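A.B. asks:
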Amino acid sequence: MMLGCSGTPSRGYEISALLACINRLLHPPVAQRIALVGVGNLGRAILAYFGRHQPTLRIAAAFDRDPGLAGQVVAGCRCHPTERLEEITAAEGIRLALLVVPEGSAQAVAERLVAAGIRAIVNFAPVRLNVPRTVHVENIDMTMALERAAFFVRPSSRPGSPVRASSPVAQDETAR
308 MMLGCSGTPS
318 RGYEISALLA
328 CINRLLHPPV
338 AQRIALVGVG
348 NLGRAILAYF
358 GRHQPTLRIA
368 AAFDRDPGLA
378 GQVVAGCRCH
388 PTERLEEITA
398 AEGIRLALLV
408 VPEGSAQAVA
418 ERLVAAGIRA
428 IVNFAPVRLN
438 VPRTVHVENI
448 DMTMALERAA
458 FFVRPSSRPG
468 SPVRASSPVA
478 QDETAR
């Protein structure tokens, strides 16, 4: 099984071994090392958050194309020029990256991350990335999240008021 434990159909799992496997997955002994590319406003906010709140996830290196940021420490993380991305991610054993760059440069940076051995990307750029199937991409689209949330604060979406007939929820309800 993907947990690293095996059971049998007739006896199931040994509970203590299963709990130990789950605990190792949820609380790894070593923090996952992450690269952040793009130290703009959102990148800085992410650095500040991870520095205070995430003991099992650690941003080990930050990269930006602004040469003025090279060598600076932002929220406890050293910034490097993007020219050193491949070198530093390899040296640090980084396999996960946060991509916080403008839409126009996201694909090129993603290709460099993949070439550097990155296996998973959390993409904050408003563009779908074209990467090999062996690389996992999580797209974070804040506009879509806000639009979904805004739906529930529209006048006809107040608690107790009927759902609009044109909404997907209303269509599902009428189909039942």
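Counting from 308, one number per residue, gives the positions in the sequence shown under our numbering. Where a beta carbon is used, it is the ideal one built from N, C-alpha and C, also for glycine. In this text the structure is predicted, and so the values were computed from the model without any measurement.
(1) At what residues does the alpha helix (DSSP H) containing R359 begin and finish?
(2) So, for C386: in the same chain, excluding its five sequence neighbours on each side, which residues have a beta-carbon less than 8 angstroms away from its beta-carbon?
(3) Starting from Q414, trace the alpha helix (DSSP H) both ways and give me its first and last residue.
(4) Using only the alpha-carbon positions, how far apart do T441 and E394 sit?
(5) Do you know how far the Cα of N437 is from the Cα of T481?
(6) Pick from G400, P433, A352: whose alpha carbon is nearest that of V337?
(7) With distance defined between alpha-carbon atoms, name the residue in T450, A423, P409 nearest to G350.
(8) DSSP three-state call for R458: helix, strand or coil?
(9) Who does V380 pair with in a DSSP beta bridge?
(10) Quick one, which of R402, L453, M449, R318 has its alpha-carbon nearest A342's?
C.D. replies: If we stick to the structure as given:
(1) Residue range 348 to 360 is occupied by the alpha helix (DSSP H) that includes R359.
(2) The residues are V346, A369, F370, D371, L376, A377, G378, Q379, V380.
(3) Q414 -> alpha helix (DSSP H) spans 410 to 422.
(4) Cα to Cα, the separation comes out at about 21 angstroms.
(5) With a pLDDT of 46 at T481, under the threshold of 50, the modelled position of that residue is not reliable, and the figure given next carries that caveat. When rounded, the distance between both Cα atoms is 38 angstroms.
(6) Sorting G400, P433, A352 by C-alpha distance to the C-alpha of V337 places G400 at the top.
(7) The shortest C-alpha separation from G350 is found at P409.
(8) First, the amino acid is wrong: residue 458 is Phe here, not Arg. It is helical.
(9) Under DSSP, V380 forms a beta bridge with R385.
(10) For the set R402, L453, M449, R318, the Cα lying nearest the Cα of A342 is the one of R402.
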